[in-house]
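Chemist: Residue numbers for the sequence shown, in this note's numbering: 1 to 809. The beta carbon of each residue, even a glycine, is placed where N, CA and C say it ideally should be.
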Amino acid sequence: MFYKTLMVAALFMSAVTIQAQDCNLELKGIVKDFHDGAPLSFAQLYIQEIQKTVSTAADGSYRIPDLCAGTYTVIVTHYDCKTQTLKITVDKNTIKDVLLEHHINNLQEIEIIADVHDDHKNSQSSTRITQNTINDFSGATLGDALATVQGVTALKTGNSVVKPVIHGLYGSRVAIVNDGLRQQDQEWGVEHSPNIDLNTASNIQVIKGATALRYGGDAIGGTIVIEPERIIAKDTVKGRVVSQLQSNARGGSISGSINNYRESGWYQQATLTYKKLGDFEAPDYVLSNTGNQTYAANFAVGFHKFEYGASIKYSYYNTELGILRASHIGNAADLVRSINSGEPTVINDFTYDIDPPKQMVEHHGIQANAYKRIQGLGKLEIDYSFQFNNRLEFDIRRGENAGKASLDLDLTTHTLAAYFFLDSMEDFEMEFGVDGLYQINSPNPDTGIRRLIPDYNSQKLGWFFSLNHNLNEQWLLDAGFRYDHYNIDATKFYQTSRWEGLGYDQQFPQFEIGEQGNQILTNPEFRYDLFAFSAGAKYFADDHYDFAINLSSANRAPNPSELYSDGLHHALATIELGQLDLNKEQSYKLNLVAHAVHGSLDVEVNPFVNLVNDYIQLIPTGLESTTRGAFPVYQYEQIDAVLAGVDLGLNWDVFTRNSRDAQSIEMLRWNSRFSYIYGQNKTAEEPLITMPPIQFSNELVWSQGVFKNLDLKLSNQTILKQTRFPDNDYAVDVPDDQGNFSTQVVNISESPAAYSLWNLGAGYAFAKAKINLRVNNLFNTNYRNYLNRQRFYADDIGRDVQIQFIYNF
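1) Counting pairs of beta carbons, one from the stretch 240-247 and one from the stretch 205-224, are three or more of them closer than 8 Å?
2) Just to confirm the assignment, what range does the alpha helix (DSSP H) spanning Pro-560 have?
3) Suppose you measure from the CA of Thr-496 to the CA of Asn-518; what does that come to, to the nearest Å?
4) Give a yes or no on whether 8 Å exceeds the smallest Cβ distance from Ser-697 to chain C.
5) On the CB-based measure, 16 or more other CB atoms within 10 Å of its CB, does Trp-818 come out buried or exposed?
6) Beta-carbon within less than 6 Å of Arg-451's beta-carbon, same chain only, minus the 5 sequence neighbours each way: which residues are those?
7) What are the start and end residues of the beta strand (DSSP E) that includes Gln-205?
8) Rounded to whole angstroms, what's the CA-CA distance from Ser-54 to Glu-307? Just pull it up for me.
9) Which partner residues of Tyr-46 appear in the DSSP bridge assignment?
10) Taking 7 Å as the cut-off, does the CB of Thr-294 come closer than this to any heavy atom belonging to the ligand FAD?
11) Quick one: measure Cβ to Cβ for Ala-417 and Gly-399, integer angstroms, because I've assumed they're closer than 8 Å.
12) If Glu-187 sits next to Arg-789, beta carbons under 8 Å apart, how far is it from one beta carbon to the other, in whole angstroms?
13) Can you give me the start and stop residues for the alpha helix (DSSP H) that Thr-200 sits inside?
14) Taking just the CA atoms, how far does Glu-637 sit from Gly-252?
15) Once the 5 residues before and after Met-691 are set aside, which same chain residues still bring their CB inside 6 Å of it?
16) I need the DSSP call for Glu-109, collapsed to helix, strand or coil.
17) Asp-446 by DSSP, collapsed to three states: which one?
18) In chain order, what residues of the same chain have a beta carbon less than 6 Å from the beta carbon of Ser-534, not counting five sequence neighbours either side?
19) Quick one, which of Ser-338, Ile-440, Met-425 and Leu-377 has its alpha-carbon nearest Phe-388's?
20) Please report the Cβ distance between Asn-728 and Ser-751, rounded to the nearest whole angstrom; I am assuming they are in contact, meaning their Cβ atoms lie under 8 Å.
21) Is it buried or exposed for Asn-24, if we count other Cβ within 10 angstroms and need 16 for buried?
22) Specify the secondary structure class of Asn-401 as computed by DSSP and reduced to three states.
23) Classify Thr-148 as helix, strand or coil using the three-state DSSP reduction.
24) Which residues in the same chain as Ser-697 place their Cβ atom closer than 6 Å to its Cβ, once the five residues preceding and following it in sequence are excluded?
25) Measuring alpha carbon to alpha carbon, tell me which residue in Asp-795, Val-745 and Asp-796 is nearest Trp-731.
26) Could you check if Arg-657 is buried or exposed, using at least 16 other CB atoms within 10 Å of its CB as the buried criterion?
27) Check for me: the beta strand (DSSP E) holding Thr-743 runs from which residue to which?
28) Go ahead and label Glu-685 buried or exposed: buried means 16 or more other beta carbons lie within 10 angstroms of its beta carbon, across all protein chains shown.
29) Going along the chain, which residues of its own chain have a beta-carbon closer than 7 Å to the beta-carbon of Asp-395, five neighbours each way excluded?
30) Report back the beta-carbon spacing between Tyr-317 and His-363 to the nearest angstrom; my notes put them in contact at under 8 Å.
31) Please list the terminal residues of the continuous alpha helix (DSSP H) segment that includes Glu-500.
32) Exposed or buried, which one is Gln-194 when buried takes at least 16 other CB atoms within 10 Å?
33) Between Tyr-438 and Pro-344, which are expected to be in contact by the criterion C-beta below 8 Å, what is the C-beta distance as a whole number of angstroms?
34) For Trp-266, collect the residues of the same chain with a Cβ closer than 6 Å to its Cβ; drop the 5 residues on either side in sequence, then sort them by chain order.
35) If you draw a straight line from the alpha carbon of Ala-154 to that of Leu-618, how long is it in whole angstroms?
36) Using a Cβ-Cβ cutoff of less than 7 Å, which residues in the same chain neighbour Glu-109 once the five nearest sequence positions on both sides are dropped?
Given below as structure tokens:
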């Protein structure tokens, strides 16, 4: 009995000793880039079994002490890398290096997501713009930066109002998501640019098609996802100052950001931006009243861990934009002379003053977010956001109304969303979500002018799911579905003559709720059921080739402008007429992507075709003279359309070698882009209006060749004449000095001539700073852009010399 007791005690002591020893084990290693072995700092390793997170040091190393013997699930994450989930057995002190596929190569300004170095999570056609390109456009607009991507162009009203166009589609067909928040800022107008400070972006993803179902199913053109500075789990303060001066418009901008991070998970971020520009100048004259001034601020505070976190963010954007004075005319004769002559009717001396016609826009955004990772399942996220947008448009008014806004709109938007991301399975990723929107538009009745957009409120409730499946090492499959129920309820006065002339008294008698003088008060309310679907596959032939195919289908409801517009749009000096009987758009898009990498050559080809039934377009129909002057009339109509085309991107490292001092790498790179879009009105069998013409861009970048840390750039952009456009010219009766009338044709359809622009740049880096010098439109070329609404009245801007200073700390 004594011996048995002694044996049990010995075994017990041994077990205790072994257990004590086994819980002093250590796991360590280095997290590296899969492709070049570079260490990845600030990567996070989350050990599920003990719910602990550690971060890698500057050299990519990590250390996890005090582990017991056993098998652990380690989830390794790094900004813009594909997350890896590893099973690691620890039965002794263990060294385990981790290789991650790093998505963005910092030497490249634009990286195609289909690239072998990039995101393999889906079949969508997508392009990413990195920090270097964003810095280049620090003093410009979001639309200008996006136009560097093949397949993306810019719809302009002058040089300050820029809207992105993806594969020929723009406005409410393109969703802009800023830091997880879908922008709501009266995007219906062609001269309403996004109210977003580009300097808050760390990188931007352009998704070409209705495949980003998390953000809505109505983005039949595509989705632009703007991502801020990443959050790191380390006690550090970092920031950046970007200042720029430019010769054309004789102004500049300055932006500063500071980010305070703590290893505990707490962080604070802030960005402030100010921009001031005077009148822009064409090669031969001043573009009078085209200056602008912008203030922007963004603040965020939060707590971020791999397993849980929360944040609250506030953004503010305020801009005042001048509209070319020559674009506002007084009578039919002035309009004919403005459009048919080659020079603006108003040319004044340069000034920083911004007078009517102009816009003033103020946008506020508040966003609250929280997330929790559920062990063995995935991540649950809750988002709430509030946005308030005030838009003022000023016409040239005299007397007691001088200085009073002609259009004053308040748009208030509330959104609430919940998402669950399931990533616990090795070869499957699934996401589910539900979201709701409530929006109120309130025009100010004190403008003294008939309201272009009426009072309305709208609600949208939707849900979606998406999944990605790695079938094997060669095949990736993805699919998604989304449903939204959308309701819009307006209150609007119509002139009785117009209401009856359009036949609305017979078609929509249920909307009539009262009469006031020669007006009818109506309550037009519409409900839409919207469906979106996406499915695709990606095939990796080997390390050099991959191919993707994606089919998407989506609905878009008519926006308030398309339904309710009924009057003068002052910022454009046009009369716009909506239609109450518009149907929802139905899009069917096929996207193909073929990608090849051979040594120093990287090529991607992206053909696409998009069939859009009940496509809504805005076309000129004539001229209307009012007590305020003569204005072109534009009317919304609905047709069936086809948009097809191809994008081509090529990056070639012509050579890479040791520099003369053998202390750096000299490189010559050639970047080339090509885009072609064919747009056809199938109903009338004629070309679609406002389709981007064929364009090429080529850039040579020579790094470290002349001096260490010196980069030289030479680029060219060639835009061909758009030969496919509908004939929307119209005739007007123009009086002469004796009061006699003659009929003249307003050439509103003809596209401008082809043009080619050369740009030159140099950048020198030293310590934590960099100086960039750029000359845009090097040869001061005269040109007019088909996608610029002010091409009817004036040339585009001439030579512009810019100097930029960037300091990182």
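Modeler: Taking the structure as given:
1) no
2) 560-564
3) 6 Å
4) Among the chains of the structure shown, chain C does not appear; only one protein chain is present.
5) Residue 818 lies beyond the stretch modelled for the chain, which goes from 1 to 809, so this question has no answer here.
6) Pro-443
7) 203-207
8) Correcting the residue identity first, residue 54 is Val in this sequence and not Ser. Their Cα atoms are separated by approximately 12 Å.
9) Thr-53 and Ile-75
10) No copy of the ligand FAD occurs in the structure displayed, which carries no ligand at all.
11) Between Gly-399 and Ala-417 the Cβ distance is about 49 Å, and since that is not below 8 Å, they are no contact.
12) No, Glu-187 and Arg-789 are not in contact; Cβ-Cβ is about 16 Å, not under 8 Å.
13) Counting along the chain, Thr-200 falls outside any alpha helix (DSSP H), and DSSP gives it neither H nor E.
14) 41 Å
15) Gly-168, Ile-677 and Gly-679
16) Confidence is the limiting factor: at Glu-109 the pLDDT is only 29, short of 50, which leaves the residue's position unreliable, though a coordinate-based value still follows. In this structure, Glu-109 counts as coil in the three-state DSSP scheme.
17) helix
18) Thr-211, Gly-480 and Ser-552
19) Ile-440
20) That belief does not hold up - the Cβ atoms of Asn-728 and Ser-751 are roughly 12 Å apart, past 8 Å.
21) exposed
22) helix
23) coil
24) Arg-673 and Gln-717
25) Checking the displayed sequence, the identity of residue 731 turns out to be Ala instead of Trp. Nearest C-alpha to Ala-731: Val-745.
26) exposed
27) 741-746
28) exposed
29) Pro-356, Pro-357, Ser-406 and His-570
30) 4 Å
31) 496-501
32) Correcting the residue type first, residue 194 is Pro in the shown sequence and not Gln. By the neighbour-count rule (16 or more Cβ atoms within 10 Å), Pro-194 is buried.
33) Contact doesn't hold; Cβ gap of about 44 Å is too wide.
34) Phe-303
35) 17 Å
36) At Glu-109, the pLDDT of 29 sits below 50, so the modelled position is not reliable; the number obtained from the coordinates is stated separately. Closer than 7 Å at Cβ, skipping near neighbours: Thr-130, Asn-132 and Thr-133.
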